[in-house]
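Working notes for the structure below.
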Amino acid sequence: MKKSFILTLLTIITLGLFQPATALAEEAQKLPSGIKRDQIGQKIQDYVKKYEKTTAGMATAVFDKDGTIYKGNFGYMNKEKGVKADDSSVFEWGSVTKLTVWLSVMQLWEQGKINLEEDIRTYLPDGFLKTLRYDKPITMLDLMNHQAGFEEGAHAAYLENKGQTIEEILSVSQPTQIFEPGTTTAYSNFGAGLASYIVERISGQRFSNYVHEHIFQPLDMNQTAILPGFADNNYVREKRKKAQSYDTEGNSLGSAYFDFGLYSVGQAASSPEDFQKFGQALLKQEKLFQRSETWKTLYTATSTFPGTDRLLNAHGFMVEEYGTVVLGHGGNSTGYSSYILLDLKNGIGLTVMTNQKGEDIYNVLMPELVFGSKKKTDKATFENFKPGYYRSARYFETGPLSVARTLFYTSYVPKSMDNPQLNQNYAVLSHEGGQEKITSTTGDTLKISDTEIYKDYAMYFLAVAGVVYALINLFISGVAGLVRSLKKMPSKMPKALRIWNTLTSLTVLATGANFALLFLAMTSGNISFVAPWRYTIFAGLGLILGGCLVYPLLTKAKKGLGKGSVFLTVMTSLSALAIVANILYWSLYQWWAL
90 MKKSFILTLL
100 TIITLGLFQP
110 ATALAEEAQK
120 LPSGIKRDQI
130 GQKIQDYVKK
140 YEKTTAGMAT
150 AVFDKDGTIY
160 KGNFGYMNKE
170 KGVKADDSSV
180 FEWGSVTKLT
190 VWLSVMQLWE
200 QGKINLEEDI
210 RTYLPDGFLK
220 TLRYDKPITM
230 LDLMNHQAGF
240 EEGAHAAYLE
250 NKGQTIEEIL
260 SVSQPTQIFE
270 PGTTTAYSNF
280 GAGLASYIVE
290 RISGQRFSNY
300 VHEHIFQPLD
310 MNQTAILPGF
320 ADNNYVREKR
330 KKAQSYDTEG
340 NSLGSAYFDF
350 GLYSVGQAAS
360 SPEDFQKFGQ
370 ALLKQEKLFQ
380 RSETWKTLYT
390 ATSTFPGTDR
400 LLNAHGFMVE
410 EYGTVVLGHG
420 GNSTGYSSYI
430 LLDLKNGIGL
440 TVMTNQKGED
450 IYNVLMPELV
460 FGSKKKTDKA
470 TFENFKPGYY
480 RSARYFETGP
490 LSVARTLFYT
500 SYVPKSMDNP
510 QLNQNYAVLS
520 HEGGQEKITS
530 TTGDTLKISD
540 TEIYKDYAMY
550 FLAVAGVVYA
560 LINLFISGVA
570 GLVRSLKKMP
580 SKMPKALRIW
590 NTLTSLTVLA
600 TGANFALLFL
610 AMTSGNISFV
620 APWRYTIFAG
630 LGLILGGCLV
640 YPLLTKAKKG
650 LGKGSVFLTV
660 MTSLSALAIV
670 ANILYWSLYQ
680 WWAL
């Protein structure tokens with residue numbers, strides 16, 4: 090009896106000891122999503138199968154600190170020629186390239202060569218920054234957090250490769266500072282480019298050379314390029330030439346080949362294997378820094394959601410919340426989308442590369458298979474939301490591209506559970522300095538007063554009205570002239586004013602056509618929307634219309650005009666005035682600003 094009791098007790102104790110260990114072992118075999126590691130491959134394959142009709146090419150890898158958990162290549166790099174995506178394929182990184190900037194900065198910080206909280210003008214030539222509006226200095230942390238305050242920047246110099254250095258590009262391409270540093274998150278290519286220039290200034294090396302020596306080479310990334318035209322890697326250049334790009338529906342975009350002048354913020358391209366090497370080094374925290382403390386600093390918060398302690402940015406790494414907190418960066422180029430995601434707590438990483446522009450199915454949604462469901466905005470935020478017009482903080486406030494700020498960067502957002510500003514990403518509402526805003530992982534969205542919106546739309550309306558009038562005027566004048574000619578009737582309006590009327594309306598129509606072509610370029614993603622010649626045309630047409638406005642006031646031909654002729658002259662003048670007002674209001678004449 091006693092012996093039986095002891096055996097039973099030992100059995101219970103043994104089970105008690107081993108069951109927690111077994112449970113821990115089983116848990117260790119699961120990803121943060123709850124899916125078992127040995128099942129993630131099948132889950133991803135099933136996921137791709139579901140969307141294969143719209144899929145072009147995709148490469149992905151799930152890994153931990155010890156190696157690859159799953160790696161897969163799907164679809165085609167060139168559907169028309171049947172070139173499949175595989176380990177030898179080359180994909181563009183887009184803005185994931187910016188991680189090379191922030192890593193370079195942190196390497197210099199580790200060496201004591203840069204203070205992240207110092208005024209960045211300390212590291213720039215005297216007077217280099219020409220568009221600052223605020224006395225508060227910009228720090229490197231502001232650049233990392235995309236909180237330097239710059240408006241959206243789009244300049245022919247950094248969108249086109251003409252062989253300029255980063256310094257030359259940035260010296261002529263400086264968006265205006267429209268927010269006080271540290272107050273507003275507005276994603277900025279210019280800010281990241283400025284940081285890469287500072288790396289050049291401090292290190293004494295060209296940025297591409299620095300990155301190859303201090304990042305790519307230590308990680309054995311031999312199939313990676315970063316220069317325009319991928320001039321620094323023959324393998325990448327030749328593979329990229331053979332690839333095609335597609336839209337989110339799988340329709341061809343052709344080669345979508347684009348040389349980014351400001352290469353440090355979006356030009357990198359590599360094989361999937363090199364992309365994984367990069368991601369795995371970031372996860373394992375090895376080779377890129379001399380001290381482990383630097384890695385710890387790198388991944389600490391540099392900005393948080395307003396009024397919370399939730400991470401928003403960590404020294405340039407974006408922070409997303411799935412079932413777990415994930416750091417990383419996404420990227421889009423003219424024909425590619427990519428993502429690196431790192432779960433530092435559980436030691437799991439994910440890379441995704443596609444040859445599709447603006448791709449979300451794999452870059453945004455598929456990570457839930459690995460990290461769990463994305464965190465949603467809480468119910469209280471929806472309830473406290475104030476409907477109205479909202480504008481992305483990343484917009485054109487000044488210069489000729491400001492014409493796009495209301496049409497493309499602003500929308501009316503109703504109070505609804507379908508609110509796109511709140512239900513697509515985790516978001517927080519805040520009110521600072523009289524400005525209401527929505528903060529999400531992609532940046533701030535600002536509430537705009539109805540008055541400002543109505544003012545912009547009034548200008549659009551005037552432009553459309555002027556063009557419509559000019560079109561009707563030319564048609565009626567043409568028909569009337571034809572009738573008079575057939576009936577051999579004299580015109581009641583002097584010949585000089587008839588010529589003026591026709592010339593003015595033709596110029597208004599020409600300006601309207603230039604408007605239309607500009608908006609077409611903007612909506613189609615054609616970078617010619619920043620071409621200075623477009624705005625030189627606006628300036629020239631504006632001068633002609635200015636002269637047309639003055640002519641009726643000075644000419645003697647206006648004497649003795651009948652009421653009909655006076656009415657026609659006034660209306661034609663008003664149509665010209667509407668167009669001139671738009672050219673001035675939107676600064677469309679400032680070709681030198683691009």
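Here the sequence shown stands for residues 90 to 683, numbered as in the numbering used here.
Glycine included, C-beta positions come from ideal geometry on N, C-alpha and C.
Residues that DSSP places opposite residue i in a beta bridge
i, result
"Tyr352", "In the DSSP output, where bridge partners are listed per residue, Tyr352 has none listed."
"Ala314", "Ala358"
"Ile429", "His418 and Thr440"
"Arg480", "Thr499 and Leu535"
"Met147", "Phe163 and Thr443"
"Asp208", "Thr228"
"Thr157", "Phe152"
"Lys119", "Lys125"
"Gln266", "Phe239"
Beta-carbon proximity of residue i to residue j, cut-off 8 Å
i, j, result
"Ser359", "Met310", "yes"
"Leu458", "Tyr136", "yes"
"Thr272", "His235", "no"
"Ala320", "Val190", "no"
"Ala554", "Ser594", "no"
"Val669", "Leu643", "no"
"Tyr678", "Gly636", "no"
"Ala552", "Phe604", "yes"
"Gln306", "Tyr324", "no"
"Ile209", "Met229", "yes"
"Phe296", "Gly242", "no"
"Ala610", "Ser617", "yes"
"Gly477", "Gly412", "no"
"Gly161", "Lys251", "no"
"Val300", "Val194", "no"
"Phe268", "Gly238", "yes"
"Tyr693", "Arg483", "Coverage of the chain is limited to positions 90 through 683, which leaves residue 693 absent and any answer about it impossible."
"Thr466", "Ala547", "no"
"Ile315", "Leu377", "no"
"Val597", "Ala665", "yes"
"Ser676", "Gly488", "yes"
"Asn514", "Thr531", "yes"
Reference residue i; option with closest CA among the options
i, options, result
"Phe550", "Tyr286, Ser422, Asn671 and Lys468", "Asn671"
"Ser344", "Val408, Thr423 and Phe394", "Thr423"
"Asp449", "Thr397, Asn421, Ser613 and Ile209", "Asn421"
"Thr393", "Lys385, Leu387, Asn402 and Thr386", "Asn402"
"Lys536", "Ala148, Lys132, Ser519 and Tyr624", "Ser519"
"Ser334", "Arg210, Gly146 and Val261", "Gly146"
"Tyr346", "Asp175, Gln445, Val659 and Gln266", "Gln445"
"Glu157", "Val639, Gly164, Thr389 and Gly436", "The residue you asked about is not Glu; residue 157 is Thr in the sequence shown. For the residues Val639, Gly164, Thr389 and Gly436, the minimum Cα distance to Thr157 belongs to Gly436."
"Ile623", "Thr530, Gln200, Leu638 and Leu607", "Residue identity check: residue 623 is Arg in the sequence provided, not Ile. Ranking the options by Cα distance to Arg623, first place goes to Leu607."
"Ile565", "Thr596, Pro583, Val639 and Leu657", "Leu657"
"Glu206", "Tyr428, Pro270 and Asp175", "Pro270"
"Phe471", "Arg483, Val453 and Gln510", "Gln510"
"Ser381", "Ala569, Thr591 and Gln196", "Gln196"
"Val502", "Ser285, Lys584 and Thr534", "Thr534"
"Pro395", "Lys526, Ser341, Gly339 and Gly405", "Lys526"
"Ser177", "Lys170, Tyr165 and Glu169", "Tyr165"
"Gly318", "Leu431, Ser341, Thr397 and Asp348", "Asp348"
"Val557", "Thr600, Gly523, Pro583 and Gly339", "Thr600"
"Gln253", "Thr265, Tyr286 and Ser500", "Tyr286"
"Thr143", "Gly339, Arg573 and Ile429", "Gly339"
"Ser426", "Tyr451, Glu410 and Phe406", "Tyr451"
"Tyr140", "Lys504, Ser122, Gln266 and Phe163", "Phe163"
Closer than 7 Å: residue i CB and nearest the ligand SAH heavy atom
i, result
"Thr143", "Because no ligand of any kind appears in the structure shown, any question about the ligand SAH cannot be addressed here."
Inter-stretch contact (C-beta, 8 Å, three-pair minimum) for the segment 430–445 and the segment 357–375: yes
At least three beta-carbon pairs within less than 8 Å, the segment 320–332 to the segment 169–182: yes
Segment contact flag, the segment 184–197 with the segment 416–424, C-beta cutoff 8 Å, min 3 pairs: yes
Contained beta strand (DSSP E) runs [length at least 3] in the segment 493–567, N- to C-terminal order: 499–502, 516–521, 524–529 and 532–537
The segment 537–548 touching the segment 565–580, judged by at least three CB pairs closer than 8 Å: no
Uninterrupted beta strand (DSSP E) stretches inside the segment 330–413 (no shorter than 3 residues): 341–343, 400–403 and 406–410
Entirely enclosed alpha helix (DSSP H) segments - the segment 159–206, minimum 4 residues: 187–199
4 or more residues per run - each alpha helix (DSSP H) lying fully within the segment 574–649: 584–613 and 621–643
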